[in-house]
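Student: Sharing a structure here in structure tokens format.
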Amino acid sequence: KENLQDTRSLAHLSSISSQYFSIASLDQSQIIPKISLFGDLQTRDAFIVNTYLPTSQKEEFQFNQLLYAGPKSHDLLKSIHSDFLQLINYGIFGFIAAPLLFLMKWYHGIFPNWGIAIIFLTLTVRFLVLPLYLMSVKSMKAMQKIQPMMKALQEKHKEDPLTLNKEIMALMKEHKANPLGGCLPMLLQIPVFFALYQVIASSIELYQSPFFLWITDLSQHDHFFVLPVLMGAVMFVQQKIT
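According to my numbering, the residues represented by the sequence shown are 7 to 248, in order.
Structure representation (structure tokens):
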């Protein structure tokens with residue numbers, strides 16, 4: 007039932023993977039093969055051809071392949087061969103995703119429900135980035151406070167751009183307002199949330215795992231759209247409060 011999402015060719019490792027499962031071949035032969043992928047998305051058929059081209063006149067060559075078909079479970083893949091961990095792709099922020107995955111599993115060890123583990127993981131991430139968030143809000147509030155004074159300066163020095171820039175810089179320095187102060191802390195949070203999304207979206211542990219009531223599979227969307235509507239309402243209220 008899984009759609010083909012990615013295919014990759016990594017030196018000796020070739021695979022056809024979906025979100026949670028993979029068919030992979032780890033070639034440990036004496037000759038590095040040329041890997042070719044053939045697929046038909048309409049029939050959802052795909053196969054990989056390894057072509058071995060000897061570069062010497064040796065009479066014998068050793069061919070050795072380790073084949074795997076199953077879930078993209080970090081612990082399972084690592085127990086078979088560490089190179090199979092390349093099947094799990096957390097993107098450029100994988101160095102952040104790895105500790106987040108460990109933390110989610112740690113919470114699951116305390117609360118044997120993956121939904122609750124995700125909630126505590128999310129709360130932990132929000133707590134860690136809270137100083138950056140407060141810094142951003144404080145800077146934006148400072149900029150809002152001096153907006154009327156900036157408009158007055160623009161009217162006063164509209165014929166003298168050089169003086170206007172000097173006055174605005176002095177005003178922002180006096181009130182400790184920085185236009186980048188609101189954006190930069192938010193940008194620093196983005197890698198963390200990207201990594202959090204990748205961990206939740208790629209973890210086989212959530213596949214067919216129930217949460218509560220009508221949510222019987224955390225890897226599927228809310229069929230009754232209760233959580234998306236609730237999240238939208240909460241975001242609306244949050245914006246009003248802000």
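Beta carbons are placed, not taken as given, at the ideal position from N, Cα and C, and that holds for glycine. Owing to the predicted nature of the structure, the values given are computational and were not obtained by experimental measurement.
For VAL220, which residues of its own chain have a beta-carbon under 7 Å away from its beta-carbon, when the five flanking residues on both sides are left out?
Tutor: As a first step, residue 220 must be located in the sequence shown, where it is residue number 214. This sequence places Trp at residue 220; Val is not what is there. Counting only Cβ-Cβ distances below 7 Å, and skipping sequence neighbours, we find PHE230.
Student: Helix, strand or coil, according to DSSP, for SER1 in the structure here?
Tutor: In this structure the chain extends from 7 to 248, so residue 1 is not present and cannot be described.
Student: Buried or exposed, going by whether 16 or more other CB atoms sit within 10 Å of the CB of VAL235?
Tutor: For the purposes of this step, residue 235 is taken as the residue at position 229 of the sequence shown. It counts as exposed.
Student: Kindly confirm or deny that the segment 194 to 203 and the segment 128 to 138 touch, where touching means at least three C-beta pairs closer than 8 Å.
Tutor: The segment 194 to 203, when compared against the segment 128 to 138, does touch it at the 8 Å Cβ threshold.
Student: Round the Cβ separation of ILE41 and ALA75 to the nearest angstrom and send it over; I've been treating them as touching at under 8 Å.
Tutor: The count along the sequence shown starts at 1 and reaches residue 41 at position 35. The count along the sequence shown starts at 1 and reaches residue 75 at position 69. Not quite, the Cβ-Cβ distance comes to about 17 Å (not below 8 Å), so this is no contact.
Student: Let me confirm a value: PRO39 is counted as buried when at least 16 other C-beta atoms fall within 10 Å, else exposed. Which label applies?
Tutor: Position 33 of the sequence shown, counted from the first residue, corresponds to residue 39. Buried: at least 16 other Cβ atoms inside 10 Å.
Student: Apply the 10 Å Cβ neighbour rule to TYR113 and answer buried if 16 or more other Cβ atoms are within range, or exposed otherwise.
Tutor: One-based indexing of the sequence shown puts residue 113 at position 107. With 16 or more Cβ atoms within 10 Å of its Cβ, TYR113 is classed as buried.
Student: Please classify LEU129 as buried or exposed, where buried requires at least 16 neighbouring CB atoms within 10 angstroms.
Tutor: Here residue 129 refers to the residue found at position 123 of the sequence shown. Result: exposed.
Student: How would you call ALA207, buried or exposed, if buried means at least 16 neighbouring beta carbons within 10 angstroms?
Tutor: The residue given as residue 207 occupies position 201 in the sequence shown. Looking at its Cβ environment, which holds fewer than 16 other Cβ atoms inside 10 Å, ALA207 is exposed.
Student: Can you tell me the Cα-Cα spacing of PRO216 and LEU82, whole angstroms?
Tutor: Within the sequence shown, numbered from 1, the residue matching residue 216 stands at position 210. Within the sequence shown, numbered from 1, the residue matching residue 82 stands at position 76. Computed Cα separation, rounded: 22 Å.
Student: Roughly how many angstroms lie between the CA atoms of LEU127 and LEU224, to the nearest whole one?
Tutor: Along the sequence shown, read from residue 1 onward, the residue named residue 127 stands at position 121. Along the sequence shown, read from residue 1 onward, the residue named residue 224 stands at position 218. For LEU127 and LEU224, the distance between alpha carbons rounds to 15 Å.
Student: Quick check: the Cα distance between GLY100 and ALA201, rounded to an integer number of angstroms?
Tutor: Position 94 of the sequence shown holds residue 100. Position 195 of the sequence shown holds residue 201. Distance between the alpha carbons of GLY100 and ALA201: 7 Å.
Student: Can you tell me which of the three DSSP states PHE44 falls into?
Tutor: Looking up residue 44 in the sequence shown gives position 38. It is a strand residue.
Student: For ALA17, count neighbouring Cβ atoms within 10 angstroms of its own Cβ and tell me buried if that reaches 16, exposed if not.
Tutor: For this step, residue 17 is matched to residue 11 along the sequence shown. For ALA17, the predicted structure reports a pLDDT of 48, less than 50, and the residue's modelled location is therefore unreliable. The matter cannot be settled from this model.
Student: Starting from GLN71 and walking both ways along the beta strand (DSSP E), at which residues does that stretch end?
Tutor: Translated into the one-based positions of the sequence shown, residue 71 becomes position 65. Per DSSP, GLN71 belongs to the beta strand (DSSP E) from 71 to 77.
Student: Report back the beta-carbon spacing between LEU93 and SER21 to the nearest angstrom; my notes put them in contact at under 8 Å.
Tutor: Translated into the one-based positions of the sequence shown, residue 93 becomes position 87. Translated into the one-based positions of the sequence shown, residue 21 becomes position 15. Rounded, the Cβ-Cβ distance is 6 Å, consistent with contact.
Student: Measure the C-alpha to C-alpha separation of LYS182 and VAL243 and round it to an integer number of angstroms.
Tutor: Sequence index remark: in the sequence shown, residue 182 carries index 176 (1-based). Sequence index remark: in the sequence shown, residue 243 carries index 237 (1-based). Straight-line Cα distance between these residues: approximately 29 Å.
Student: For the putative contact between LYS78 and SER23, defined by C-beta atoms under 8 Å, what is the C-beta separation to the nearest angstrom?
Tutor: Numbered from its first residue, the sequence shown carries residue 78 at position 72. Numbered from its first residue, the sequence shown carries residue 23 at position 17. Going by Cβ atoms, the distance from LYS78 to SER23 rounds to 7 Å, so yes, they are a contact pair.
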